[in-house]
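So the sequence shown is numbered by my numbering: it starts at 577 and just counts up by one.
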Amino acid sequence: MKRCDKPVRTLRLRLKDKHAKVLAEMARAVNMVWNYSNELSMKVLERERRFIGSAELQRYLNGASKEGLAVGSAVFQQVADEYVTRRVQHKKRRLAWRKSTGSRRSLGWIPFKKRSLVYRNGQIQFQGKILSLWDSYGLKDYSLGAGSISEDARGRWYLNVAVEVEQRPLSTGKTDLGIDLGLKEFASFSDESIENIEAQRFYRDLEPKLAIAQRANRKDRAKAIHAKIANRRKDFLHKLSTDLVNRYGAIFVGNVSAPALAKTTMAKSVMDAGWGMFRTMLQYKGDDAGTWYDEPDEAFSTQDCNVCHARTGPKGLSGLGIREWTCSSCGTVHHRDRNSAKNILAAGRRRLAVGITVSSGR
């Protein structure tokens, strides 16, 4: 199996607040171009019964930079590309309008191509403006690619830029780890030398304070609480994922579908857990640390005995509450989630042995 020569990662860095006014003006220009693209696309569809492509759309935007807008042609071209890409992706005749004012204002977004951004002396040069930022990654060590500048709900601006990172050789001599993700226990591990991790309550703990702020119509307070919830979740997941990729040579996580469970009555708990974010962190940090990452099928992992492989575990809805069970074939006593993690580890090793292409692109 081959690994990608240089994986691409998106770095997110906060820009200084003093640039907010300039960036907001750029974002309004982007919204204008997006809405123009939306309107033109609909007119072409109505008159000619076809969808306009990005190259043709860009021709209609020629000269727009001379109209006094805060961004230039390179950004216009990227907006047109992005518009067509999203229209095809979502299979829609028309996309939502981007609003620059009002209570439902769209958060600022300014896409850019690789050639539009230059890093120099701890600052970035973009559209003729010098923007200062907190450079927590050391951008001078990277070749900067395309990306965007975006605004969050509290009016803070961030640079999101794609970079190529060096990929270490796969680790040797380290043990492998299987992980079963859940809602009662966030993560259960095949390695019995480490404790399973209880589900965290990032949202639930602050839900009463959030409800008070929302009832009082204190929007800024509500946004700050939402940001605190997100930051606590990211901090926990970053620390855990970093620790795991540094300790293990291969990590296998069950392919439980968070989007599917988010449509059930367990939606709040699923979204609070951050399974998708955790798996993404393991994947890109594994590239840096030389750790193999894969998501094998976890079907029947809670029912199969990891010792004799007989399917004697608890089944159906009635069995969901059973946390420990004894295999009727070999007599082994199992912790439900720990057994599942061991089965996920075995499934991952089987995939690795036969050379199946895995989700991380390695």
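Cβ coordinates follow ideal geometry from the N, Cα and C atoms, glycine included.
These numbers were taken from a predicted model, which means no experiment stands behind them.
_6 Å Cβ shell around Phe914 - same chain, five flanking residues per side excluded_ = As a working mapping, residue 914 is identified with position 338 in the sequence shown. As written in the sequence, residue 914 is Arg, which differs from the Phe given in the question. These residues qualify, in order along the chain: Ser764.
*Would you kindly check if the distance between the Cβ of Val739 and the Cβ of Leu587 is under 9 Å?*
For this step, residue 587 is matched to residue 11 along the sequence shown. For this step, residue 739 is matched to residue 163 along the sequence shown. Closer than 9 Å, so yes.
*Just grab the DSSP bridge partners of Tyr695 for me.*
Position 119 of the sequence shown holds residue 695. Paired residue(s): Ile700.
_C-alpha gap between Asn793 and Arg625, whole angstroms_ = Within the sequence shown, the letter at position 217 stands for residue 793. Within the sequence shown, the letter at position 49 stands for residue 625. Computed Cα separation, rounded: 46 Å.
*Find out if the Cβ-Cβ distance for the pair Arg715, Ile725 is shorter than 9 Å.*
In the sequence shown, the residue the question calls residue 715 occupies position 139. In the sequence shown, the residue the question calls residue 725 occupies position 149. The sequence given here has Leu at residue 715, not Arg. Cβ atoms of Leu715 and Ile725: not closer than 9 Å.
_Considering just the uninterrupted stretch of the beta strand (DSSP E) at Tyr659, what are its terminal residues?_
Along the sequence shown, read from residue 1 onward, the residue named residue 659 stands at position 83. Here Tyr659 belongs to no beta strand (DSSP E); instead the alpha helix (DSSP H) covers 649 to 666.
*Along the chain, which unbroken stretches of the beta strand (DSSP E) at least 3 residues long are found entirely within the segment 739 to 811?*
752 to 757, 761 to 765
*asked:* Do Leu757 and Ser766 count as a contact pair if the criterion is CB distance below 9 Å?
replied: On the sequence shown, residue 766 is found 190 positions in, with the first residue counted as 1. On the sequence shown, residue 757 is found 181 positions in, with the first residue counted as 1. Result no, Cβ atoms of Ser766 and Leu757 do not sit closer than 9 Å.
*asked:* Assuming the contact rule is C-beta atoms closer than 8 Å, Phe778 and Arg744 should be a hit. Round their C-beta distance to whole Å, please.
replied: Reading the sequence shown from its first residue, position 202 is the one you call residue 778. Reading the sequence shown from its first residue, position 168 is the one you call residue 744. Contact flag wrong, Cβ pair sits at about 31 Å.
*Tyr612: first and last residue of the uninterrupted alpha helix (DSSP H) it sits in*: On the sequence shown, residue 612 is found 36 positions in, with the first residue counted as 1. Unbroken alpha helix (DSSP H) run through Tyr612: 596 to 624.
_Suppose you measure from the CA of Lys639 to the CA of Leu645; what does that come to, to the nearest Å?_
The residue you call residue 639 lines up with position 63 of the sequence shown. The residue you call residue 645 lines up with position 69 of the sequence shown. Residue identity check: residue 639 is Gly in the sequence provided, not Lys. Rounded to the nearest angstrom, the two C-alpha atoms are 11 Å apart.
*Report yes if the CB atom of Leu591 is closer than 9 Å to the CB atom of Leu707, and no otherwise.*
The sequence position of residue 591 within the sequence shown is 15, counting from 1. The sequence position of residue 707 within the sequence shown is 131, counting from 1. Closer than 9 Å, so yes.
_Bridge-paired residues (DSSP) for Arg887_ = If you number the sequence shown from 1, residue 887 lands on position 311. Under DSSP, Arg887 takes part in a beta bridge, and its partners are Asp880.
*Look up Phe854 in the DSSP assignment and give the residues it is bridged to.*
Taking the first residue of the sequence shown as 1, we reach residue 854 at position 278. Phe854 pairs with nothing; no bridge assigned.
*In chain order, what residues of the same chain lie with their CB nearer than 8 Å to the CB of Lys582, ignoring the 5 residues before and after it?*
Position 6 of the sequence shown, counted from the start, is the residue given in the question as residue 582. The residues are Glu740, Val741, Glu742, Gln743.
*Where does Ser817 fall in DSSP's three states?*
Your numbering for residue 817 matches position 241 in the sequence shown. If DSSP states are grouped into helix, strand and coil, Ser817 belongs with the helices.
*Say whether the segment 770 to 790 touches the segment 842 to 856, bearing in mind that this needs 3 or more beta-carbon pairs closer than 8 Å, one atom from each stretch.*
Short answer: they touch.
*Cα-Cα separation, Arg732 to Ala600*: If you number the sequence shown from 1, residue 732 lands on position 156. If you number the sequence shown from 1, residue 600 lands on position 24. Approximately 10 Å, taken between the alpha carbons.
*For Asn638, name the three-state secondary structure that DSSP assigns.*
Counting from one through the sequence shown, the residue named residue 638 turns up at place 62. The answer is coil: DSSP assigns Asn638 none of H, G, I, E or B.
_Is the beta carbon of Leu759 closer than 9 Å to that of Ala656?_
Position 80 of the sequence shown, counted from the start, is the residue given in the question as residue 656. Position 183 of the sequence shown, counted from the start, is the residue given in the question as residue 759. Contact: no.
*Can you tell me whether DSSP reads Ile706 as helix, strand or coil?*
As a position in the sequence shown, residue 706 is number 130, starting the count at 1. Correct three-state label for Ile706: strand.
*Simplified DSSP state of Gly678, which is helix, strand or coil*: Indexing the sequence shown from 1 puts residue 678 at position 102. In this structure, Gly678 counts as coil in the three-state DSSP scheme.
*asked:* Could you check whether the segment 858 to 875 touches the segment 885 to 899, counting it as contact only if at least three pairs of C-beta atoms, one from each stretch, sit closer than 8 Å?
replied: no
_Beta-carbon separation (whole angstroms), Arg663 vs Leu671, contact threshold 8 Å_ = The residue you call residue 663 lines up with position 87 of the sequence shown. The residue you call residue 671 lines up with position 95 of the sequence shown. Sure, about 6 Å apart at Cβ, within 8 Å.
*Are Val647 and Met602 close, meaning C-beta to C-beta below 9 Å?*
The residue labelled residue 647 in the question sits at position 71 within the sequence shown. The residue labelled residue 602 in the question sits at position 26 within the sequence shown. Yes, Cβ-Cβ distance for Val647 and Met602 is below 9 Å.
*Buried or exposed for Thr902, please, with buried defined as at least 16 other CB atoms from any protein chain shown within 10 angstroms of its CB.*
As a working mapping, residue 902 is identified with position 326 in the sequence shown. Answer is exposed; the Cβ neighbour count stays below 16.
*Does the Cβ-Cβ distance between Lys690 and Ala729 come in under 9 Å?*
By 1-based counting over the sequence shown, the position of residue 690 is 114. By 1-based counting over the sequence shown, the position of residue 729 is 153. 9 Å or more divides the Cβ of Lys690 from the Cβ of Ala729.
*Thr867 versus Phe876: straight-line alpha-carbon distance, rounded*: Against the sequence shown, residue 867 aligns to sequence position 291. Against the sequence shown, residue 876 aligns to sequence position 300. Thr867 and Phe876: Cα-Cα distance of roughly 26 Å.
*Looking only at DSSP bridge pairs, what is Asp870 linked to?*
Residue mapping note: residue 870 aligns to position 294 of the sequence shown, counting from 1. BP columns for Asp870 point to Phe828.
*Leu671 Cβ short of 8 Å to the ligand MG heavy atom set*: Absence of the ligand MG is noted for the structure shown, with no ligands found whatsoever.
*Within the same chain, show all residues whose beta-carbon is closer than 8 Å to that of Ile801, passing over the 5 residues directly before and after it, in chain order.*
Working through the sequence shown from its first residue, we reach residue 801 at position 225. Only Leu782, Lys785, Leu786, Ala789 meet the Cβ criterion.
*Is it true that the CB of Ser613 sits closer than 9 Å to the CB of Leu555?*
There is no way to answer for residue 555, as the model of the chain reaches only from 577 to 938.
*Distance, Cα to Cα, Tyr695 vs Lys705?*
Counting from one through the sequence shown, the residue named residue 695 turns up at place 119. Counting from one through the sequence shown, the residue named residue 705 turns up at place 129. So the alpha carbons of these two residues sit roughly 12 Å apart.
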